[in-house]
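Below is one structure, written out as structure tokens; the observations come after it.
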Amino acid sequence: MEEYDYLIVGAGIFGATVAERMANKGKKVLVIDRRDHIAGNIYTYTDEETGIDVHKYGSHIFHTEIEEVWDYVTKFVDFNDYVHTVNTRHDGKLYPMPINLDTINLLYGTDMSAKEAEKFVVEKAKEDVERLGIKEPQNFEEQGISLVGERLYEAFLKNYTEKQWNTSARNLSADILKRIPVRFSHDNRYFITALHQGIPKGGYTKMINNMLNTENIDVKLGIDFRDIQKDVPESMTIVYCGQVDELLDYELGVLPYRSLKFEIEKTENSLGEAVINEADKGVPYTRAHDYKYYQIHQPEVVKQVESIIAKEYPADFQKGGEAYYPVNNEESAKLYEEYVKLVKEKYPNMILGGRLGAYQYWDMDKAIKNALDLVENLVK
Ligand SMILES: Cc1cc2nc3c(=O)[nH]c(=O)nc-3n(C[C@H](O)[C@H](O)[C@H](O)COP(=O)(O)OP(=O)(O)OC[C@H]3O[C@@H](n4cnc5c(N)ncnc54)[C@H](O)[C@@H]3O)c2cc1C
Numbered sequence: 055m056e057e058y059d060y061l062i063v064g065a066g067i068f069g070a071t072v073a074e075r076m077a078n079k080g081k082k083v084l085v086i087d088r089r090d091h092i093a094g095n096i097y098t099y100t101d102e103e104t105g106i107d108v109h110k111y112g113s114h115i116f117h118t119e120i121e122e123v124w125d126y127v128t129k130f131v132d133f134n135d136y137v138h139t140v141n142t143r144h145d146g147k148l149y150p151m152p153i154n155l156d157t158i159n160l161l162y163g164t165d166m167s168a169k170e171a172e173k174f175v176v177e178k179a180k181e182d183v184e185r186l187g188i189k190e191p192q193n194f195e196e197q198g199i200s201l202v203g204e205r206l207y208e209a210f211l212k213n214y215t216e217k218q219w220n221t222s223a224r225n226l227s228a229d230i231l232k233r234i235p236v237r238f239s240h241d242n243r244y245f246i247t248a249l250h251q252g253i254p255k256g257g258y259t260k261m262i263n264n265m266l267n268t269e270n271i272d273v274k275l276g277i278d279f280r281d282i283q284k285d286v287p288e289s290m291t292i293v294y295c296g297q298v299d300e301l302l303d304y305e306l307g308v309l310p311y312r313s314l315k316f317e318i319e320k321t322e323n324s325l326g327e328a329v330i331n332e333a334d335k336g337v338p339y340t341r342a343h344d345y346k347y348y349q350i351h352q353p354e355v356v357k358q359v360e361s362i363i364a365k366e367y368p369a370d371f372q373k374g375g376e377a378y379y380p381v382n383n384e385e386s387a388k389l390y391e392e393y394v395k396l397v398k399e400k401y402p403n404m405i406l407g408g409r410l411g412a413y414q415y416w417d418m419d420k421a422i423k424n425a426l427d428l429v430e431n432l433v434k
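So for the sequence shown, my numbering puts the first residue at 55; every next one is plus one.
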């Protein structure tokens, strides 16, 4: 351990970026991860028979508005030109998602222009709010109805959201739905503001491997920090990308998270696109992913009969399970801050980072930007 300047716990995109930047500044870095692979939740592996890159922890599409981040990632891997679009199934029909002009016309069987549709949705929402006696929206359901009207809300927002959270939309905060989730145009790009998007040619694991494969970095897998902490010199700076509540043995209780389960199968029943959302209650999963459609730079992979499809089921988080999404609210923010205080007392040289350490949902570009900024401030 003495030979290293920094210990990074977690070989995901955050830990790998921190390690790569530190190594670039001449520091010796040890990266550990308790999984048997690098890349954290963006890990991909190639199925030998089909050549399909499987995103083990769910579809990951790289998209960013931050030039610094795009310049950084493209040093390690080439990206293809994939542009993400999603359809959602409701009552056996597919509709563009997020809701756009085509979604509205398909649902209502109309042929409205953008201007007509906007007026129509606003009026419907107003009528429904009055009819249901909604004053200031008190929960997700009331907020949804007041933004798009009852029919669009019931078709596309209610059941999908209730499946995600495993609770009634009336129990969820109105804040989750801040803006009107509708585009009055035919634009169906999912990441409408992205300046750059794509999928790494060869997968995300290749990208992370290229980041970590440098002289000043050693990587050790299958090691949990909690099992080796007694061997870590007290003076060593640790960047910790795991859960804080778990690190402290849930001393103050469990922070709330949502989890996911993926059912992966090889099949000839292709989805015909990368992702289809399932908006209805009768289908227990929220999304299905057909990974070959991300490999548009390899037409032979996309054209083959076989697909590898993952069905994504929302799940309650259990201690020791996979924490996918932090549930951010006032109460959890307070509990997290208390954990941070305890971490400072017990591990004075520890920096908490990454989506779990920071207890925040971050897209990949945000995780990279935060890692770049951390190293800039830490290693002069
Ligand atoms: C379902 C889903 C889909 C997503 N899709 C997108 C997308 O399309 N585009 C996008 O930009 N972002 C997406 N994201 C966000 C993206 O996954 C995150 O930005 C990214 O994974 C954050 O990386 P990280 O390094 O912070 O965390 P992680 O990838 O979780 O890495 C943390 C690592 O730390 C390790 N670790 C934890 N505790 C310990 C310990 N005690 N000892 C040793 N190792 C430990 C873990 O094993 C893990 O490998 C998605 C997230 C989810 C949940």
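All C-beta atoms in this analysis are idealised placements derived from N, C-alpha and C, irrespective of residue type, glycine included.
Requested in this report: Have a look at Leu428 and Val72 and give me their C-alpha separation to the nearest angstrom.
Outcome: 8 Å
Query raised in the report: Under a Cβ-count criterion, where at least 16 other Cβ atoms within 10 Å of its own Cβ denotes burial, should Gly80 be classed as buried or exposed?
Result: exposed
**Report entry** For Met265, three-class secondary structure by DSSP
**Finding:** helix
Query raised in the report: Looking only at its own chain, which residues have a Cβ that is under 6 Å from the Cβ of Ile230, when we skip the five neighbours before and after it?
Result: Around Ile230: Phe194.
Query - Boundaries (first-last residue) of the alpha helix (DSSP H) holding Asn431 - result: Met418 to Leu432
Requested in this report: Kindly indicate which three-state DSSP category Met404 falls into: helix, strand or coil?
Outcome: strand
Query raised in the report: Any heavy atom of ligand 1 closer than 6 Å to the CB of Arg233?
Result: no
Query - Beta-carbon proximity check, Ile366 vs Gly146, cutoff 7 Å - result: The amino acid occupying residue 366 in the given sequence is Glu; Ile does not appear at that position. Not in contact: Glu366 and Gly146 (Cβ atoms no closer than 7 Å).
Requested in this report: Could you have a look at Gln349 and say whether DSSP puts it in helix, strand or coil?
Outcome: coil
Query raised in the report: When DSSP builds the beta bridges, which residues end up paired with Met151?
Result: Val140
Query raised in the report: Is it buried or exposed for Thr118, if we count other Cβ within 10 angstroms and need 16 for buried?
Result: buried
Query raised in the report: From Thr142, Glu322, Asn134 and Ser386, pick the residue whose C-alpha is nearest to that of Glu360; which is it?
Result: Glu322
Requested in this report: Report yes if the CB atom of Ile282 is closer than 7 Å to the CB atom of Ile92, and no otherwise.
Outcome: No, the Cβ-Cβ distance between Ile282 and Ile92 is not below 7 Å.
**Report entry** Helix, strand or coil at Gly69 according to DSSP, with G and I counted as helix
**Finding:** helix
Query raised in the report: Are the segment 267 to 278 and the segment 83 to 90 in contact at 8 Å, needing three or more beta carbon pairs?
Result: As far as the Cβ criterion goes, the segment 267 to 278 touches the segment 83 to 90, which means the pair count is three or higher.
Query raised in the report: How about Ser227 and Leu309: do their beta carbons lie closer than 7 Å?
Result: no
Requested in this report: Go ahead and pull the three-state DSSP assignment for Ala223.
Outcome: helix
**Report entry** Bounding residues of the beta strand (DSSP E) (the contiguous stretch that carries Ala342)
**Finding:** Arg341 to Asp344
Requested in this report: In the DSSP assignment, find the beta strand (DSSP E) that holds Ser361 and state where it starts and stops.
Outcome: Ser361 to Asp370
Query raised in the report: What is the residue span of the beta strand (DSSP E) that Lys315 lies within?
Result: Tyr311 to Thr321
Query - Any non-hydrogen atom of ligand 1 within 6 Å of Met418 CB - result: yes
Report task. With a 10 Å radius around its C-beta and 16 neighbouring C-beta atoms as the bar for buried, classify Met404 as buried or exposed. Result -> buried
Query raised in the report: In the DSSP assignment, what are the bridge partners of Pro380?
Result: For Pro380, which the question treats as bridged, DSSP gives the partners Tyr311.
Query raised in the report: Is Asp107 near Ile362, with beta carbons less than 7 Å apart?
Result: no
Report task. Please confirm if the segment 203 to 211 is in contact with the segment 154 to 163, defined as three or more CB-CB distances below 8 Å between the two stretches. Result -> Contact between the segment 203 to 211 and the segment 154 to 163 is present, because at least three Cβ pairs lie under 8 Å.
Report task. Would you mind working out which of Arg75, Asn431, Tyr378 and Gln251 sits nearest Glu121, comparing C-alpha positions? Result -> Gln251
Query raised in the report: Where do the N-terminal and C-terminal ends of the alpha helix (DSSP H) with Leu169 fall, by residue?
Result: Here the sequence assigns Lys to residue 169, which means Leu is not the residue at that position. Taken as a continuous stretch (DSSP letters only), the alpha helix (DSSP H) holding Lys169 covers Ala168 to Leu186.
Requested in this report: Confirm the yes/no value for this check: CB of Gly112, any heavy atom of ligand 1, distance under 6 Å.
Outcome: yes
Query - Rounded C-alpha distance that separates Asp334 from Glu181 - result: 25 Å
**Report entry** the segment 129 to 139 in contact with the segment 283 to 298 per 3-pair CB rule at 8 Å
**Finding:** no
Query - Proximal residues to Leu266 (C-beta, below 8 Å), its chain only, five neighbours per side dropped - result: Ala65, Ala70, Ala73, Glu74, Val85, Ile92 and Val273
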